[in-house]
Ligand code: ZN
């Protein structure tokens, strides 16, 4: 396997290329890579840099779902654990959105400890991007809807990292204050 810093920088590089030109939902047309950097950084901070594979998986967590990257490619370029973590965070996009959401709630408690941390970091980032000053009605509804669902998913993921759990609770508190 690559040395830890190379693992993380190769993952960031591949994610940047694969998600090139994609934007996040919501205001400001923020580049998608910002979301990946945020998730990876939350994971690095939560584990105090002790788990390079987890941080690399944070960079890559949306590559199978949103790009033509495959699990096999990730296993080959990075490691079996990284490929497996990303696969665990990949929704079956052939299912309708409501089904995918329900499945996330049901599957969360059965994920590996690392995948649970990625899911929490992902939800923190996705709530954060929905928090705006002077929200429109539509933005407020979306924030309420997303926060409620994310809380149900994270209920099945918590307990592995106290710092990340608190960070999620803080994000929901900030969101609720706007509703
Ligand atoms: Zn994500």
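Numbering (the numbering used here), first residue to last: 237 to 415. Every residue gets a Cβ at the ideal spot worked out from N, C-alpha and C, and that includes glycine.
Ligand 1 heavy atom lying under 7 Å from the CB of residue i
i	result
residue 291	no
residue 297	yes
residue 271	yes
residue 358	yes
residue 322	no
residue 275	yes
Helix, strand or coil at residue i according to DSSP, with G and I counted as helix
i	result
residue 286	coil
residue 240	helix
residue 267	strand
residue 396	coil
residue 297	coil
residue 415	coil
Range of the contiguous alpha helix (DSSP H) that encloses residue i
i	result
residue 366	Segment: none, residue 366 is in no alpha helix (DSSP H) and carries neither H nor E.
residue 260	First-last for residue 260: undefined, no H or E at that position.
### Whole alpha helix (DSSP H) elements within the segment 299-384, 4-residue minimum
The segment 299-384 contains these whole alpha helix (DSSP H) runs: 299-302, 307-313, 316-324, 333-343 and 349-364.
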